[in-house]
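Novice: Taken in sequence, the protein lines are chains A and B. Position 10 of the first sequence, counted from 1, bears residue number 10 in the UniProt record's numbering, the numbering being contiguous throughout. Position 346 of the second sequence, counted from 1, bears residue number 346 in the UniProt record's numbering, the numbering being contiguous throughout. Cβ atoms here follow ideal geometry from the backbone N, Cα and C, with glycine treated the same way. I have a structure here, written as structure tokens, and I will follow up with some questions on it.
There are 2 protein chains.
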Amino acid sequence: MDDTAQRLKTLRQTIDGIDDQILSLLNQRAQAAGQIGHLKTGVLYRPEREAQILHRLKEANSGPLPGASVVFLFREIMSACLAYERPVSVACLGPQGSFSEAAVVRHFGHAAQRRHCDSLGDIFRIVEANETDFAVVPVENSTEGAVGIILDQMVDTPLQACGEVMLPIHHQLLVRDASLPLSEITQVYSHSQSLGQCHHWLDAHLPQARRIPVTSNSEAARLVGNSSEAWAAIAGDLAAEPYGLYAVARHIEDQVDNTTRFLVFGHLVAQPSGKDKTSLVVGVENRPGAIHALLTPLAEEGVSMSRLESRPARTHLWSYVFYIDLEGHQSEERVARVLQEIKKNSIFVKVLGSYPVTVSI
Amino acid sequence: MDDTAQRLKTLRQTIDGIDDQILSLLNQRAQAAGQIGHLKTGVLYRPEREAQILHRLKEANSGPLPGASVVFLFREIMSACLAYERPVSVACLGPQGSFSEAAVVRHFGHAAQRRHCDSLGDIFRIVEANETDFAVVPVENSTEGAVGIILDQMVDTPLQACGEVMLPIHHQLLVRDASLPLSEITQVYSHSQSLGQCHHWLDAHLPQARRIPVTSNSEAARLVGNSSEAWAAIAGDLAAEPYGLYAVARHIEDQVDNTTRFLVFGHLVAQPSGKDKTSLVVGVENRPGAIHALLTPLAEEGVSMSRLESRPARTHLWSYVFYIDLEGHQSEERVARVLQEIKKNSIFVKVLGSYPVTVSI
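Here it is, written out as structure tokens:
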């Protein structure tokens, strides 16, 4: 045996020894998780505890494995340890392979059982009826054309927001005939969100093409697939095959870190993890200074806002509806004081929930 | 603090201690894998070594984690350890979310880089040109209507088969109008494979409906989605959303363990793992006794055959083409003797490769 072969053999023996130790520790971990299960009733998953574990290990990691790998592997280890007692079940929008399913797996790991829902109305109802433990719904920057309805349903549901998921999304330019020069494309179809997100690329590469917003990226792909015109669609990879389209340009979004944000809803109230957000919906009167009055307490208490978005109200009870994300947990004193003040200055407040900030991978 | 809270705290501290040890071991493992990387050139992935590690750990596992979780977690640990030096790149058919991509992830773990190909011709060419390390292609029981072409391409490519993947596949009954009673459905469209696989369910629930085979399950969904007739399609979840269809019955396949089989192709020759298969393509003359003569050596040497399938030959050089999977590695003496005998009794033999039997999860 030459020197290299001998060293290879030694290294492989080292790895086998490490694997034996990891295997033993994984089973010890599952056992301890099982004992915790016997202390509790109902859902064993604790969002704040998972977030704390992942933050701590990412921080403690000295490499050479990158932090993203550490977070990914421990998410899956926790998912497997939880599942052997009783897997978490999660409702999500759309079929196997949808972005929403990817968000479920990113948050709960592969051992989570997925329930695929055909309609947005089903998702909340299924969790409300305890058919699944949680629901994962897109709330921001979604190209599925559905965010408005979700926001309305969030106001109506008795469920609590108890987690957030950030999913990177990429856009492709899809055409029927891959040999068509870009300069001959006359129209580009997509959801308005996607057209906006690919603005610079379209200016540079398809200045001549008319941009036509449609209800969803899937709908754009369908239109282009069914037409013999020199049209293109902007959509994700998922939309290409079913409509016989080819991706002739990939990752054409202007921002490389383009993400869709999802919220996790369930019956449980997430306890503070040390790094949390609170989401709320607020209705205010349409009078001068109303928004300013609403936001003053945040500045006074030094509470940051990570999102403020207005939406037309569905009813005439109030005039504007705002969706607000605050930094901090509602059980923190300054956040509680801010919520108290916001209540005074609004017609209606619904706190959707406080939950750990997502652990990035 | 009451007794339960105290016990919970102690168990959580135990888990934190275990996690610290796992984290340290994961990094030690990545370091050792990196040192192996410096001993070698080219692709670091060794199919036989991975299979041996997974078999060994599944065997050694004493629980409570199930074997499937152990295999899943170690597949991902190996994937992450390999990726931090240089990720494996793999070409697969279809868009993000396709069954082929799921097969790549199941075999190479999440850290594998995926290259999505629009056509079957591209897949082999990309690996032949060293643009990716491997290709994963469906070879059996695929509902993508493409197996025939793949089989022909396997004969032409200089690449070696170096792994297999088994992916569970589920079928759904998809319709446009979810309120349509099953008894009113007049026609069911699907790939003939899928119609066959749902035979019993169709007999019991849709006896009146005509079964119409089409080129792929996606095509079936497209036809049903574009028609206002009382038609249904059988397809996977992926096909529902793009065509505006609803799954009104799920997992309607007769066999619960319905799987699609994929082969992994690359430049490397997999060494024996101790539990291997060998795939070959054989051309024989169309004369009485030809097939019997071909198979006699297998019986004599006690080599099992896990698959035998005939296909019409593309040319007139020979009359029948058989695809055969043998148990064992071509470097084993009795397998080598069988291959020698088969060569004598055929016009043409191509050994696609020997590779480890998939480690089931």
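1. Within the continuous alpha helix (DSSP H) that includes A/V224, where are the two ends?
2. If you draw a straight line from the C-alpha of B/G67 to the C-alpha of B/N61, how long is it?
3. Find the nearest neighbour of B/V303 within the set B/C117, B/G121, B/V284 and B/K277, judged by alpha-carbon distance.
4. Looking at the strands, I want to know which residues DSSP matches up with A/I324.
5. Expressed to the nearest angstrom, what Euclidean distance is found between the alpha-carbon atoms of A/F155 and A/V281?
6. Should A/D3 go down as buried or exposed, given a rule of 16 or more other Cβ atoms within 10 Å for buried?
7. Going by beta carbon distance, what residues of the same chain come within less than 8 Å of A/E184, once the five residues before and after it are set aside?
8. Let me know the secondary structure DSSP gives A/G17 once reduced to three states.
9. CA-CA distance, B/R56 and A/H329?
10. Mind the definition here: the stretch 181 to 197 of chain A touches the stretch 213 to 231 of chain A only if three or more C-beta pairs lie below 8 Å; say whether that holds.
11. Between the Cα of A/E85 and those of A/Q271, A/C117, A/Q35 and A/R307, spot the shortest distance and give me the residue it belongs to.
12. Reducing DSSP to helix, strand and coil, say where B/A249 ends up.
13. Roughly how many angstroms separate the alpha carbons of A/A232 and A/V175, rounded to a whole number?
14. With distances taken Cα to Cα, identify the nearest neighbour of B/Q52 among B/G121, B/A270, B/D237 and B/S216.
15. Using a Cβ-Cβ cutoff of less than 7 Å, which residues in the same chain neighbour B/G145 once the five nearest sequence positions on both sides are dropped?
16. Give me the chain B residues within the contact set of A/Q21, using Cβ-Cβ distance strictly less than 8 Å, ordered along the chain.
17. From the beta carbon of B/L182, is the nearest beta carbon of chain A less than 8 Å away?
18. In angstroms, rounded to a whole number, what distance separates the CA positions of A/Y243 and A/S227?
19. With distances taken Cα to Cα, identify the nearest neighbour of B/R307 among B/E327, B/N130, B/V90 and B/Y45.
20. Assign B/V357 to one of three DSSP states: helix, strand, or coil.
21. I'd like to check one pair, B/H107 with B/V351: are the Cβ atoms closer than 8 Å?
22. A/N61 touches chain B at which residues, Cβ-Cβ below 8 Å?
23. Please confirm whether A/C92 and A/V104 have their CB atoms less than 8 Å apart.
24. Output, in chain order, the set of chain A residues within a Cβ distance shorter than 7 Å of B/R125.
25. Buried or exposed for B/P181, please, with buried defined as at least 16 other CB atoms from any protein chain shown within 10 angstroms of its CB.
26. Go to A/R86, then tell me how far its beta strand (DSSP E) extends in each direction, as first and last residue.
27. Interface residues of chain B around A/P87 at Cβ under 8 Å?
28. Can you tell which of B/F99, B/L65, B/I169 and B/P87 has its C-alpha closest to the C-alpha of B/D254?
29. Determine which residues of the stretch 64 to 75 of chain A have a Cβ less than 8 Å from any Cβ of chain B, and write them out in chain order.
30. Does any residue of chain B bring its CB to less than 8 Å from the CB of A/D237?
31. Mark B/R287 as exposed unless 16 or more other C-beta atoms lie within 10 angstroms of its C-beta, in which case mark it buried.
32. Between the Cα of B/I121 and the Cα atoms of B/A135, B/S79, B/A204 and B/R114, which residue gives the shortest distance?
33. Between A/T4 and chain B, is any beta-carbon pair separated by less than 8 Å?
34. What are the boundary residues of the beta strand (DSSP E) that includes residue 364 of chain A?
35. Using a C-beta cutoff of 8 Å, does A/R7 count as contacting chain B?
36. Just to confirm, is the Cβ distance from A/I335 to A/P297 under 8 Å?
Specialist: In short:
1. Residue numbering aside, residue 224 of chain A sits at position 224 when the first sequence is read from its first letter. A/V224 -> alpha helix (DSSP H) spans N217 to G225.
2. The residue labelled residue 67 of chain B in the question sits at position 67 within the second sequence. The residue labelled residue 61 of chain B in the question sits at position 61 within the second sequence. Roughly 7 Å separates the two Cα atoms.
3. By one-based count along the second sequence, residue 303 of chain B stands at place 303. Among B/C117, B/G121, B/V284 and B/K277, the Cα nearest to that of B/V303 belongs to B/K277.
4. To locate residue 324 of chain A, count along the first sequence from 1; it is residue 324. Looking at the DSSP output, A/I324 sits in a beta bridge with A/L280 and A/L308.
5. Residue numbering aside, residue 155 of chain A sits at position 155 when the first sequence is read from its first letter. Residue numbering aside, residue 281 of chain A sits at position 281 when the first sequence is read from its first letter. The residue you asked about is not Phe; residue 155 of chain A is Val in the sequence shown. One C-alpha to the other measures close to 7 Å.
6. Residue mapping note: residue 3 of chain A aligns to position 3 of the first sequence, counting from 1. Exposed, since its Cβ has fewer than 16 Cβ neighbours within 10 Å.
7. Locating residue 184 of chain A in the first sequence gives position 184, counting from the first residue. Here the set comprises A230.
8. Counting from 1 along the first sequence, the entry for residue 17 of chain A is found at position 17. If DSSP states are grouped into helix, strand and coil, A/G17 belongs with the helices.
9. Locating residue 56 of chain B in the second sequence gives position 56, where the first residue counts as 1. Locating residue 329 of chain A in the first sequence gives position 329, where the first residue counts as 1. The alpha-carbon of B/R56 is positioned some 46 Å away from that of A/H329.
10. Three or more beta-carbon pairs separated by less than 8 Å link the stretch 181 to 197 of chain A to the stretch 213 to 231 of chain A, which places the two stretches in contact.
11. Start at 1 with the first residue of the first sequence, and residue 85 of chain A comes out as number 85. Of the candidates A/Q271, A/C117, A/Q35 and A/R307, the one whose C-alpha sits nearest the C-alpha of A/E85 is A/Q35.
12. As a working mapping, residue 249 of chain B is identified with position 249 in the second sequence. Three-state result, B/A249: strand.
13. On the first sequence, position 232 is the one that residue 232 of chain A refers to. On the first sequence, position 175 is the one that residue 175 of chain A refers to. In a straight line, the C-alpha of A/A232 is about 5 Å away from that of A/V175.
14. Translated into positions along the second sequence, residue 52 of chain B becomes position 52. Cα-wise, what sits closest to B/Q52 is B/A270.
15. Sequence index remark: in the second sequence, residue 145 of chain B carries index 145 (1-based). With a pLDDT of 43 at B/G145, under the threshold of 50, the modelled position of this residue cannot be trusted, and the question is left open.
16. Working through the first sequence from its first residue, we reach residue 21 of chain A at position 21. Neighbours of A/Q21 in chain B, taken as residues at a C-beta separation under 8 Å, are given in chain order as Q21 and L25.
17. For the purposes of this step, residue 182 of chain B is taken as residue 182 along the second sequence, with counting starting at 1. No, because no Cβ of chain A sits closer than 8 Å to the Cβ of B/L182.
18. Here the question's residue 243 of chain A lines up with position 243 in the first sequence. Here the question's residue 227 of chain A lines up with position 227 in the first sequence. In this structure, the CA atom of A/Y243 is about 11 Å from the CA atom of A/S227.
19. Numbered from 1 along the second sequence, position 307 holds the residue referred to as residue 307 of chain B. Closest by alpha carbon: B/E327.
20. The sequence position of residue 357 of chain B within the second sequence is 357, counting from 1. Coil, per DSSP.
21. Counted from its first residue, the second sequence places residue 351 of chain B at position 351. Counted from its first residue, the second sequence places residue 107 of chain B at position 107. Taking 8 Å as the cut-off, the Cβ atoms of B/V351 and B/H107 do not count as close.
22. Start at 1 with the first residue of the first sequence, and residue 61 of chain A comes out as number 61. In chain order: L23 and N27.
23. Here residue 92 of chain A refers to the residue found at position 92 of the first sequence. Here residue 104 of chain A refers to the residue found at position 104 of the first sequence. Contact flag set, yes.
24. Sequence index remark: in the second sequence, residue 125 of chain B carries index 125 (1-based). Neighbours of B/R125 on chain A: none; closest Cβ ~15 Å, over 7 Å.
25. As a working mapping, residue 181 of chain B is identified with position 181 in the second sequence. With a threshold of 16 other beta carbon atoms within 10 Å, B/P181 falls short and is exposed.
26. In the first sequence, the residue the question calls residue 86 of chain A occupies position 86. That residue, A/R86, is in no beta strand (DSSP E); it is neither H nor E in DSSP.
27. Locating residue 87 of chain A in the first sequence gives position 87, where the first residue counts as 1. Identification of chain B residues near A/P87 by a Cβ-Cβ cut-off of 8 Å yields none; the smallest Cβ-Cβ distance measures about 11 Å.
28. Numbered from its first residue, the second sequence carries residue 254 of chain B at position 254. If we check each option's Cα against that of B/D254, B/I169 comes out closest.
29. The residues in question are P64, L65, P66, S69, V70, F72, L73 and F74.
30. Your numbering for residue 237 of chain A matches position 237 in the first sequence. In terms of beta-carbon proximity, A/D237 lines the interface with chain B, with at least one pair separated by less than 8 Å.
31. Position 287 of the second sequence, counted from the first residue, corresponds to residue 287 of chain B. Counting Cβ neighbours within 10 Å, B/R287 comes out exposed, since fewer than 16 surround it.
32. Here residue 121 of chain B is taken as the residue at index 121 of the second sequence, counted from 1. Correcting the residue identity first, residue 121 of chain B is Gly in this sequence and not Ile. If we check each option's Cα against that of B/G121, B/A135 comes out closest.
33. By 1-based counting over the first sequence, the position of residue 4 of chain A is 4. Flagged as an interface residue toward chain B: A/T4, by a C-beta distance shorter than 8 Å.
34. Nothing about residue 364 of chain A can be read from this structure; chain A reaches only from 1 to 361.
35. Your numbering for residue 7 of chain A matches position 7 in the first sequence. Cβ-Cβ to chain B under 8 Å: yes for A/R7.
36. Within the first sequence, the letter at position 335 stands for residue 335 of chain A. Within the first sequence, the letter at position 297 stands for residue 297 of chain A. Per the sequence presented here, residue 335 of chain A reads as Val, with Ile not at that position. At a Cβ-Cβ threshold of 8 Å, A/V335 and A/P297 do not count as neighbours.
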